[in-house]
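Step one of this worksheet: look at the structure below.
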Amino acid sequence: MGTEFEARCMKCGHIYMAIEGCGWSFFVLHCDRCGKYKDVPFFLIQNITGKEDYRGEVAEEIAGYCNCGGHYRMDAPIRCPKCGSTRYEETGGYSCLFD
Numbered sequence: 534m535g536t537e538f539e540a541r542c543m544k545c546g547h548i549y550m551a552i553e554g555c556g557w558s559f560f561v562l563h564c565d566r567c568g569k570y571k572d573v574p575f576f577l578i579q580n581i582t583g584k585e586d587y588r589g590e591v592a593e594e595i596a597g598y599c600n601c602g603g604h605y606r607m608d609a610p611i612r613c614p615k616c617g618s619t620r621y622e623e624t625g626g627y628s629c630l631f632d
């Protein structure tokens with residue numbers, strides 16, 4: 534299950550929408566440099582035989598490189614789009630679970 538929520542950067546105070554986790558039909562990956570997110574639909578992965586235990590790695594291969602030169606990774610942290618900090622707090626202003 535994934536979550537979309539409003540976050541406040543603890544470094545610069547910028548408020549932004551953050552997304553983490555995965556849905557029922559897609560993976561959510563973040564760029565390991567700038568934090569931009571990208572989703573990879575499961576249907577792109579499900580027919581690759583012999584990789585059932587490595588779907589996260591296959592999703593990373595499919596997602597490829599971000600425009601900033603970073604890599605989309607399953608374990609990359611959420612980053613503030615203004616200053617790049619990984620320190621944030623949920624504001625409680627908006628939250629949505631998705632599956």
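Numbering (the numbering used here), first residue to last: 534 to 632. From the three backbone atoms N, C-alpha and C, an ideal C-beta is built for every residue, glycine too.
| query | result |
| --- | --- |
| Ends of the beta strand (DSSP E) at Ile595? | Counting along the chain, Ile595 falls outside any beta strand (DSSP E), though it belongs to the alpha helix (DSSP H) covering 588-596. |
| Would you mind reading off the limits of the beta strand (DSSP E) that contains Cys601? | It is not in any beta strand (DSSP E) - Cys601 carries neither H nor E in the DSSP assignment. |
| Starting from Lys571, follow the beta strand (DSSP E) in both directions and report where the run begins and ends. | 570-574 |
| Determine the closest residue to Phe576 out of Cys567, Arg588, Arg566, Asp565, with distance taken between C-alpha atoms. | Arg588 |
| Can you have a look at Leu562 and say buried or exposed, based on whether 16 or more other CB atoms are within 10 angstroms of its CB? | buried |
| Compute the Euclidean distance between the alpha carbons of Met543 and Phe560, then round it to the nearest angstrom. | 27 Å |
| Just how far apart, CA to CA, sit Cys613 and Asp572? | 18 Å |
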